[in-house]
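Trainee:
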Ligand code: 5GP
């Protein structure tokens, strides 16, 4: 069909909702379709995180330089750190026809939607708030005060859930990844994403009518 350019997809969700695992599953199942944007951040790497894989870990000065030079599509502060989406990779992959996923928080999501209104916004949540706390604690990577900040932030973010296009409940990674993929496939069929195809059909019909 006509939409050769990829779709820009924002995935947000409470810290601890399992977004990272979901994104890995989507990319593993459909490596040809999706590209995951790697953000820049000033936060310290967690154990096991690799520079250039989970994030580009940079200093505050480097981050501010990227802002000044217009190299970020959006950025936000989240619990004392900066996070931002580098522009070049996203544009290149969309151009190549890949669906590009930004796994970002809500302030960034709203900025992206304003700048690119055709963005698909999805919000991922665990089935219950109790489950969210269990997952955050179970991760064992953050001290208690950081977990508290993240829970407070989750309560704030919950107010913005209704600004998203879709809500997905992550009770099982594989099922949830398939559900997201299904939504994205549906999104490709939206009429406004297929203007060229529709134009072609209309013109062909006009021609056939006249034959
Ligand atoms: P974490 O520190 O747990 O990796 O990420 C904290 C929050 O920052 C998560 O909600 C994550 O989605 C968000 N985040 C990661 N990268 C970006 C980004 O480039 N921009 C924005 N606005 N948020 C981001």
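In this note's numbering, the protein residues as written are 79 to 289.
Note that the Cβ used here is the ideal one computed from N, Cα and C, for glycine as well.
What you are looking at is a predicted structure, and each value in this text was computed from that prediction instead of being measured.
1) Report the start-end ranges of each beta strand (DSSP E) in the region 216–248 that is 3 residues or longer and not cut off at the edges.
2) Rounded to the nearest angstrom, how far is the Cβ of residue 255 from that of residue 100, given a contact under 8 Å?
3) Considering only heavy atoms of the ligand 5GP, does any lie closer than 7 Å to the CB of residue 165?
4) Could you please give me the residues that DSSP links to residue 178 through a beta bridge?
5) Kindly indicate the opening and closing residues of the alpha helix (DSSP H) around residue 135.
6) Among 279, 89, 288 and 287, which residue has its Cα nearest to the Cα of residue 187?
7) Helix, strand or coil: which one does DSSP assign to residue 127?
8) Beta-carbon separation of residue 118 and residue 108 under 8 Å?
9) Is residue 87 near the ligand 5GP, with its Cβ less than 7 Å from a heavy atom?
10) Near residue 175, which residues of its chain fall below 6 Å by C-beta distance, leaving aside the five closest residues on each side in sequence?
11) Can you list, in chain order, the residues of its chain with a C-beta nearer than 7 Å to that of residue 91? Leave out the 5 residues immediately preceding and following it.
12) Heavy atom of the ligand 5GP less than 7 Å from the Cβ of residue 185, yes or no?
Mentor: Short version:
1) 244–247
2) 5 Å
3) No, Cβ of residue 165 sits at least 7 Å from all heavy atoms of the ligand 5GP.
4) 86 and 113
5) Boundaries around residue 135 are those of the beta strand (DSSP E), 133–135, since no alpha helix (DSSP H) includes it.
6) 89
7) coil
8) Between residue 118 and residue 108, the C-beta gap is not smaller than 8 Å, which leaves the two residues out of contact.
9) no
10) When the five nearest sequence neighbours on each side are left out, the beta carbons in the same chain lying within less than 6 Å of the beta carbon of residue 175 are those of 82 and 84, in order along the chain.
11) 97, 201, 202 and 203
12) yes
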